[in-house]
Amino acid sequence: MKLVIVESPTKATTFKKYLGDGYEVKASVGHIRDLATTGKGGLGIDVENDFKPNYIINEDKKKVVRDLKSAAKKADEVLLATDPDREGEAIAWHIAEVLNLDVSKTKRLSFHEITKQSITTAIENPVSIDMNLVSSQETRRIVDRISGFKLSSLVRKKLKSQSAGRVQSVALRLITDLEKEIEAFVPEEYWTLKLDVEIANQVYELKFARLEDETIKIRSKEEMDNVLAGLGKEVTVSDIKQSERKVESKLPLTTSSLQQESSNKFKYQAKRTMLIAQQLYEGIALGGEDNEGLITYMRTDSTRLSDSFIKSAQAYLYEKYGKEYVGNPKQKQTAKNVQDAHEAIRPTSINRTPKSVKKYLSTEQYNVYRLIYARALASLMSAKVENVTKVTFISNDLAFSLDGVQTIFPGYSKVMDGLENGSDELLPSLNINDVFPIKEVKSEQKFTAAPARYTEARLIKTLEELGIGRPSTYVSTIETLKDPKRNYVKMDKRTLKPTEQGILTADTLVSNFPEFMDTTYTANMEQKLDEIADGEVKRSDILNQFYTSFMEEFEKANENIEKVPPKETGETCPSCGSGKLVHRHSKFGDFIGCSNYPECKYIKTEVAPEPEKIGRKCPKCGNELVNRNGRRGKTFIGCSAYPNCDYTEGLEVKKARAPKKEYTEADYVKKCPDCEDGHLVIKTSRYGSEFLACTNFPKCRHTESVTPDTKKE
Numbered sequence: 006m007k008l009v010i011v012e013s014p015t016k017a018t019t020f021k022k023y024l025g026d027g028y029e030v031k032a033s034v035g036h037i038r039d040l041a042t043t044g045k046g047g048l049g050i051d052v053e054n055d056f057k058p059n060y061i062i063n064e065d066k067k068k069v070v071r072d073l074k075s076a077a078k079k080a081d082e083v084l085l086a087t088d089p090d091r092e093g094e095a096i097a098w099h100i101a102e103v104l105n106l107d108v109s110k111t112k113r114l115s116f117h118e119i120t121k122q123s124i125t126t127a128i129e130n131p132v133s134i135d136m137n138l139v140s141s142q143e144t145r146r147i148v149d150r151i152s153g154f155k156l157s158s159l160v161r162k163k164l165k166s167q168s169a170g171r172v173q174s175v176a177l178r179l180i181t182d183l184e185k186e187i188e189a190f191v192p193e194e195y196w197t198l199k200l201d202v203e204i205a206n207q208v209y210e211l212k213f214a215r216l217e218d219e220t221i222k223i224r225s226k227e228e229m230d231n232v233l234a235g236l237g238k239e240v241t242v243s244d245i246k247q248s249e250r251k252v253e254s255k256l257p258l259t260t261s262s263l264q265q266e267s268s269n270k271f272k273y274q275a276k277r278t279m280l281i282a283q284q285l286y287e288g289i290a291l292g293g294e295d296n297e298g299l300i301t302y303m304r305t306d307s308t309r310l311s312d313s314f315i316k317s318a319q320a321y322l323y324e325k326y327g328k329e330y331v332g333n334p335k336q337k338q339t340a341k342n343v344q345d346a347h348e349a350i351r352p353t354s355i356n357r358t359p360k361s362v363k364k365y366l367s368t369e370q371y372n373v374y375r376l377i378y379a380r381a382l383a384s385l386m387s388a389k390v391e392n393v394t395k396v397t398f399i400s401n402d403l404a405f406s407l408d409g410v411q412t413i414f415p416g417y418s419k420v421m422d423g424l425e426n427g428s429d430e431l432l433p434s435l436n437i438n439d440v441f442p443i444k445e446v447k448s449e450q451k452f453t454a455a456p457a458r459y460t461e462a463r464l465i466k467t468l469e470e471l472g473i474g475r476p477s478t479y480v481s482t483i484e485t486l487k488d489p490k491r492n493y494v495k496m497d498k499r500t501l502k503p504t505e506q507g508i509l510t511a512d513t514l515v516s517n518f519p520e521f522m523d524t525t526y527t528a529n530m531e532q533k534l535d536e537i538a539d540g541e542v543k544r545s546d547i548l549n550q551f552y553t554s555f556m557e558e559f560e561k562a563n564e565n566i567e568k569v570p571p572k573e574t575g576e577t578c579p580s581c582g583s584g585k586l587v588h589r590h591s592k593f594g595d596f597i598g599c600s601n602y603p604e605c606k607y608i609k610t611e612v613a614p615e616p617e618k619i620g621r622k623c624p625k626c627g628n629e630l631v632n633r634n635g636r637r638g639k640t641f642i643g644c645s646a647y648p649n650c651d652y653t654e655g656l657e658v659k660k661a662r663a664p665k666k667e668y669t670e671a672d673y674v675k676k677c678p679d680c681e682d683g684h685l686v687i688k689t690s691r692y693g694s695e696f697l698a699c700t701n702f703p704k705c706r707h708t709e710s711v712t713p714d715t716k717k718e
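Heads up: the sequence shown begins at 6 in my numbering, then just goes up one per residue.
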């Protein structure tokens, strides 16, 4: 029996189906180890001993590790099939270390999609754990641990902020710098001029183009009045120009472009998009079939497509649409910090069209899948060809324009399925010197708008362009900034608005850590991590350079940053008489306390307002009935004599909990391996997926994945 270890239980189920008998598949459920929080500074790193890390098994993974060790002892061979990126490589190495496997000899399965062919190929062509990738991931983790722990302790002590870090603080700086631009923005007045003209029984809107062959901007009402003074009562066609243009399709999707497009088209937040993509990658049950992976690995910054997919897609296009729709793969110059080991995100089968699988997918899954499918297929198609018409009208010395677009050849747009903006704007037949009366003159005063705040999609695009972070880190970075406990950024109509605390934190870090908070520093660090992954530099060199410069800035900042005093309320403490009442924050929320804490522990309690009387007597005791507010914000009527009288009206009756299901021998699948008298039965999670669990829960918490063989049993 061979043991295959993957990352997720869903993936384990799919792998088991493909591999069949002779293989047992277990899930590590992500990372099983992380840096300890002990040792000097709680870093879990021995800085003096070449930054040696001290790894410990995560508390919530101890049972998983016991299960993996037990399965490994029984197996003839262990195969590691974690995700195909740095994190996956590191997880594979950690598993090998914990299970005492020979790292140099343990087989690593390399795959980019979860399909039978891909997994079979991976089994037939195993590779070894790439220790350069592991070293790169470990270096990133150590850099982030040192910078995160040190900066977080500093901002907590000095600013009462919750955290800081290599990527999140630079991202916060981008948001706060933009907010300052918005606040400093001074609107400028300008005017627009449009004419309504009826042509062939249809009204068309002409836009002001120029005055006496000169393009001008109208900046005031006086200027507008001067322009209008030269406007006649009709317009004459003076020029008609037609041209043909080609519109090329976009590249297939990467992690960041998927998040951006999903946000723009479907309003999905980045975290939601990646969760949906994960489901499509790990597998969807298609009718009577077992789970099937619908897309390739979704954490990638490459736009490359495999030769096999290109050939199958071009054959599909030739057969379905014809030779003229088949294009060539688009090439994009590889940008700095792009890892090209993976493909772009694409469907695992070109024949599995969105329409054919729609009934098996949720609305969100369908939307994300058709976006991935359309972008991958369109990237291999010929360009769309349009006929562009530009008509110029004149009225005295004023010129106005009217543009039209007509598609001559749809090209790639044939498969975009409404995912692309724009449509044909057809114009009527016109000739030079045609004259049309002006139906309406529309002049409008406007003001230039301040820069727009970042949306999640735009921030991700900016981070990618600047080389900050990796596709796998964008979501976690944004979620950290949005965390209410940190109080750095709030959502305002789908945009990221920094709070006062966020601005204070970013400004303080920029002032005291100018190198560390520079966007180029973070991008250069990503480049150095890539060099470690490629075996070009040693981790110790990068870590020593980082630690020396960072700690110099840290020591200076620790001395120079003044501790921000808590905000005063203007009241004197009634308990000690000398302290001032100030606003404070704890894990339980905001409160007002004495500035002399801990000598004085006075906390101000808010006096609740008198409840409103409703004009009726309590039928139980005869006292006044009043309006009250429940714990969840719902109002009800209660007795003013509470707690001596508990009479109430309008309270919802709490629903009784469903009785616990009793299992019989008919439900038993097999004996529980962890306890003597327990049996494994099929249960359903709150997400609708089935799993095996012990009848002695919660005393016994043994669980297993449900496989097709399980149901047969």
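Beta carbons: idealized from backbone N, C-alpha and C, even for Gly.
Residue from the options with nearest C-alpha to residue i
i, options, result
"ILE473", "TYR209, ARG706 and GLN532", "GLN532"
"ALA41", "SER33, ASP51 and THR111", "ASP51"
"PHE74", "LEU263, GLU94, GLU102 and ALA457", "At residue 74 the sequence reads Lys, which differs from the Phe that was named. With distances taken between Cα atoms, LYS74 lies closest to GLU102."
"GLY27", "VAL9, GLN265, GLY575 and ASP546", "VAL9"
"SER168", "ASN517, SER591 and SER158", "SER158"
"ILE350", "LYS328, LEU299, GLU239 and MET386", "LEU299"
"THR126", "ASN137, ARG113 and LEU138", "ARG113"
"THR453", "THR197, PRO257, MET136 and LYS622", "THR197"
"ASN649", "ILE642, ASN628, GLU667 and THR640", "ASN628"
"ILE597", "LEU586, GLU604, CYS605 and LYS606", "LEU586"
"GLU297", "LYS163, ILE124, SER140 and ILE508", "ILE124"
Start-to-end residues for the beta strand (DSSP E) that takes in residue i
i, result
"VAL542", "Here VAL542 belongs to no beta strand (DSSP E), and DSSP marks it neither H nor E."
"ASN632", "629-634"
"GLY575", "573-577"
"ALA404", "403-414"
"PHE521", "PHE521 -> no beta strand (DSSP E), and no H or E assigned at all."
"VAL446", "440-452"
"LEU183", "Careful: LEU183 lies outside any beta strand (DSSP E), inside the alpha helix (DSSP H) at 173-189."
CA-to-CA distance, residue j to residue i, given in whole angstroms
i, j, result
"ILE134", "TYR673", "40 Å"
"ARG178", "GLY46", "26 Å"
"ARG706", "CYS677", "10 Å"
"GLN370", "THR144", "35 Å"
"VAL658", "LEU183", "For VAL658, the predicted model reports a pLDDT of 43, less than 50, meaning its position is unreliable; a value from the coordinates is still stated below. Near 50 Å, if we compare the C-alpha coordinates of LEU183 and VAL658."
"ALA340", "GLU470", "Legend: pLDDT at ALA340 = 47, less than 50; position of this residue unreliable, value from coordinates given subsequently. Their backbone Cα atoms lie some 9 Å apart in a straight line."
"ILE437", "ASP244", "6 Å"
"GLU558", "SER115", "42 Å"
"THR15", "PHE696", "10 Å"
"ALA320", "ASP90", "31 Å"
"PRO456", "ALA381", "33 Å"
"ILE687", "CYS699", "9 Å"
"ASP345", "SER311", "Only weak support is given to the placement of ASP345: the predicted model assigns it a pLDDT of 47, under 50, and the question is left unresolved by the model."
"LYS226", "SER418", "44 Å"
"LYS22", "THR278", "27 Å"
"GLY288", "LYS360", "17 Å"
"VAL207", "SER307", "Before going further, note that residue 207 is Gln rather than Val in the sequence given. Cα to Cα, GLN207 sits roughly 48 Å from SER307."
"GLU560", "LEU106", "42 Å"
"VAL70", "LEU104", "8 Å"
"ARG589", "LYS165", "9 Å"
"THR460", "ARG250", "32 Å"
Continuous alpha helix (DSSP H) stretch holding residue i: start and end
i, result
"ARG215", "It is not in any alpha helix (DSSP H) - ARG215 instead sits in the beta strand (DSSP E) that spans 207-216."
"ARG145", "136-164"
"PHE596", "Looking at the DSSP string, PHE596 is not in any alpha helix (DSSP H); the run it does join, the beta strand (DSSP E), is 594-599."
"SER731", "The question about residue 731 has no answer here: the residues shown for the chain are numbered 6 through 718."
"ARG380", "368-383"
Residues sharing a beta bridge with residue i, DSSP
i, result
"SER481", "Per DSSP, none; premise fails for SER481."
"ILE50", "PRO58"
"ALA290", "ASN296"
"GLU391", "ARG250 and THR412"
"SER591", "GLY594"
"GLU430", "VAL410"
"LEU200", "LEU211 and VAL446"
"THR301", "GLU118"
Could you tell me which whole beta strand (DSSP E) segments of length 3 or greater appear in the segment 58-107?
60-62 and 82-85
Whole runs of the beta strand (DSSP E) within the segment 467-519, excluding any shorter than 3 residues
494-497 and 500-503
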